[in-house]
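Colleague: What follows is a structure written as structure tokens; I'll ask about it next.
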Amino acid sequence: VFGRDTGADDGCRRAIRAARRIDMALDKVNRQLESELQEPLRIGMGLHVGPLVMGSIGHDDSAAMTVIGRTVNAAARLEAATKDLDCQLVLSLEAAKRAGIPLEGFETQRVAVRGLSEPLEVVVVRTARRLPEPPRHATGASVRAG
Numbered sequence: 010v011f012g013r014d015t016g017a018d019d020g021c022r023r024a025i026r027a028a029r030r031i032d033m034a035l036d037k038v039n040r041q042l043e044s045e046l047q048e049p050l051r052i053g054m055g056l057h058v059g060p061l062v063m064g065s066i067g068h069d070d071s072a073a074m075t076v077i078g079r080t081v082n083a084a085a086r087l088e089a090a091t092k093d094l095d096c097q098l099v100l101s102l103e104a105a106k107r108a109g110i111p112l113e114g115f116e117t118q119r120v121a122v123r124g125l126s127e128p129l130e131v132v133v134v135r136t137a138r139r140l141p142e143p144p145r146h147a148t149g150a151s152v153r154a155g
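Residues in the sequence shown are numbered consecutively from 10, following my numbering.
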């Protein structure tokens, strides 16, 4: 969960930065373990933006912070879609727009997401490190997908 204290736009930028770093770290691990792995390790990530409920669930010492809601469910479904789309990251177009990153050259499509009445416009990202580094602060730049 990103942006809890800084807002959704900043949260989207931070989430994309994190996805890029995760991909770079995974690449490093794969290079280090290349001789031991039959094939490289792969991961899938789903990013979406919207309202959610955050709270502690459980009793006393066993309580854990968790998040629930449509946004969380959609992000989980986008992560699951990485398998079918053979990519590392499925990013909602809304999250990409709020992050202020250019999307020229990235595939976009509409994906049916269980629990949502309308398909979600998403960006299909083969490897997260290919995403442009988000600006540190809002730029007001328009985002085009194609």
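Each residue gets a CB set at the ideal place from its N, CA and C atoms; glycine is no exception.
#1: Report the residue ranges of all alpha helix (DSSP H) runs contained in full by the segment 33-106; include only those spanning at least 4 residues, in chain order.
#2: How many angstroms separate the CA atom of Val132 from the CA atom of Ala108?
#3: For my contact list, Arg119 and Leu129 are in at a C-beta cut-off of 8 Å; report their separation, rounded to the angstrom.
#4: Does chain C have any CB closer than 8 Å to the CB of Val134?
#5: Less than 7 Å between C-beta atoms, sequence neighbours within five positions excluded: which residues of the same chain meet that for Ala17?
#6: Is there contact between the segment 24-42 and the segment 60-77, where contact requires at least three CB pairs shorter than 8 Å?
#7: So who's on the other strand from Leu129, going by DSSP bridges?
#8: What does the Cβ neighbour count give for Gly20, buried or exposed, with the cut at 16 atoms within 10 Å?
#9: Looking only at C-alpha atoms, which of Leu102, Glu142, Asn82 sits nearest to Leu125?
Modeller: The answer reads as follows:
#1: 79-94
#2: 13 Å
#3: Taking a contact as a CB-CB distance under 8 Å, the pair Arg119 and Leu129 counts as one, their CB atoms being some 7 Å apart.
#4: Going by chain labels, chain C is absent from the structure shown, which holds only one protein chain.
#5: Val58, Arg107
#6: no
#7: Val120
#8: buried
#9: Per the Cα distances, Asn82.
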